[in-house]
Amino acid sequence: MFHCERCGIRFSTGALSGRRDCPRCKSRDGVTVLLAWEPLLAARTAAARAQAEARPRPERVAVGPGL
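Using the working numbering, the letters of the sequence shown correspond one by one to residues 1384 to 1450.
Set out below in structure tokens:
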């Protein structure tokens, strides 16, 4: 994850498409601000995603008359 220290917005690496400056600050105020890398936040996001994918999904149970 990258974040802009000026406006506070956060971006994933895929959303940036190779850019390293803040598109919001560039379009809104016309200034170029380099984005800061957040390795800790990226690691937490990846760990949470892996944990969610590893969690077993509950089985669906049909309930109703005649079942």
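Just so it is clear, CB atoms sit at the ideal spot from N, CA and C, and this is done for glycine as well.
- [ ] Counting only runs of 4+ residues fully inside the segment 1385-1411, write out the alpha helix (DSSP H) ranges in chain order.
- [x] 1396-1399
TODO: Kindly indicate which residue of Cys1387, Arg1411, Ala1429 and Ala1431 has the alpha-carbon position closest to the one of Arg1403.
DONE: Cys1387
- [ ] Ignore the nearest five residues each way along the sequence and tell me which others in Phe1394's own chain have a CB closer than 6 Å to its CB.
- [x] Phe1385
- [ ] Work out the CA separation of Pro1448 and Arg1427 for me, nearest whole Å.
- [x] 45 Å
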